[in-house]
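Asker: Can you read through this structure? Questions will come right after.
In our numbering, the protein residues as written are 142 to 226.
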């Protein structure tokens, strides 16, 4: 597989154990989907918590950026879900 070759090349470049684990995990379609799901839900969580705070109000550009990240991850997951099935 092409992913196995690229995963081995990246593992050779980076000597960190955690980088190697991530590269092998992200080489799988299901692994990427789970990582995207985490980013999507974490962005949604940050948007909700930051909007609920009365003491520290984040800038609207930061909230907009988080919203775009969340929407992008949702769209990416939708497009890759057809590949998984």
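We put the CB at the ideal spot given by N, CA and C, even for glycine.
Can you tell me whether residue 184 is buried or exposed, with buried defined as 16 or more other CB within 10 angstroms of its CB?
Answerer: Residue 184 comes out buried.
Asker: From the DSSP output, in three-state form, read off residue 168 for me.
Answerer: In the structure shown, residue 168 sits in coil (DSSP, three-state: anything other than H, G, I, E or B).
Asker: Kindly indicate which residue of 179, 208, 169 and 213 has the alpha-carbon position closest to the one of residue 191.
Answerer: Checking every option, the nearest Cα to that of residue 191 belongs to 208.
Asker: Check residue 162 in the structure and name its three-state DSSP category.
Answerer: Helix, per DSSP.
Asker: Please report the distance separating the alpha-carbon of residue 160 from that of residue 167.
Answerer: C-alpha separation (whole angstroms): 10 Å.
Asker: Among 210, 169 and 157, which has the Cα closest to the Cα of residue 186?
Answerer: When only C-alpha atoms are compared, the closest one is 210.
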